[in-house]
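Have a look at the structure below before the remarks.
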Amino acid sequence: MALRVTAEWGTSETEASLGDKQAAKQRRRENRDERERAKTERAGESPAQKAEAIRRATEPDPREQDRREGLDGSVGGDTAA
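Just so we're aligned, residue 141 is where the sequence shown starts under my numbering, counting upward by one.
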C-alpha cells in the first residue's frame, strides 16, 4: 500500500512540475515578445551605437596621430604635438 501511495504522489509531483515548466515557458515567450515589441518601437540608433559614434567623433584619427609623431614614413613630424 505504501508503494502505491508513493507512486501516486510521484505522478502528481510530475504533473505539477510539468505545469510549472509550461508556465515558465509561457513567461519566457511573453518576455521575448515584449522585448521584440520594444525593439520595433525604438527608432534610430541604440544607446551603444550612439556611444560608439561619440567615441569615434572625439577620438583622434590614428593616421593623423602617426603623422604627428613622424611614424607615417614622412620626413620630420609635427612640432605642434
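Heads up, the beta-carbon is just placed ideally off N, CA and C, and yes, glycines get one too.
Just so we're clear, the structure is a prediction, and the values are computed from it rather than from any experiment.
| query | What span of residues does the alpha helix (DSSP H) with proline 202 cover, start to end? | reply | Here residue 202 corresponds to residue number 62 of the sequence shown, with the count starting at 1. In the DSSP assignment, proline 202 falls within the unbroken alpha helix (DSSP H) covering 202 to 209.
| task | Enumerate in chain order the residues of its own chain whose CB-to-CB distance from glycine 159 is below 6 Å, with the five nearest sequence positions on each side excluded. | result | What you label residue 159 is simply residue 19 of the sequence shown in a count that begins at 1. So the list is empty, once near-sequence residues are dropped.
| message | So for alanine 183, helix, strand or coil by DSSP? | response | Position 43 of the sequence shown, counting from 1, holds the residue named residue 183. If DSSP states are grouped into helix, strand and coil, alanine 183 belongs with coil.
| said: Quick check: the Cα distance between arginine 172 and alanine 163, rounded to an integer number of angstroms? | reply: Walking along the sequence shown from the start, residue 172 turns up at place 32. Walking along the sequence shown from the start, residue 163 turns up at place 23. Going by the C-alpha atoms only, they are around 14 Å apart.
| Three-state class that DSSP yields for glutamate 176 in the structure shown | Stepping through the sequence shown from its first residue, residue 176 is reached at position 36. Three-state result, glutamate 176: helix.
| query | In whole angstroms, what is the alpha-carbon distance linking valine 145 and arginine 167? | reply | In the sequence shown, the residue the question calls residue 145 occupies position 5. In the sequence shown, the residue the question calls residue 167 occupies position 27. Confidence at valine 145 is low in this model, with a pLDDT of 48, below 50, so the placement of that residue should be treated as unreliable; the coordinate-derived value is given next. Cα-Cα distance, rounded: 33 Å.
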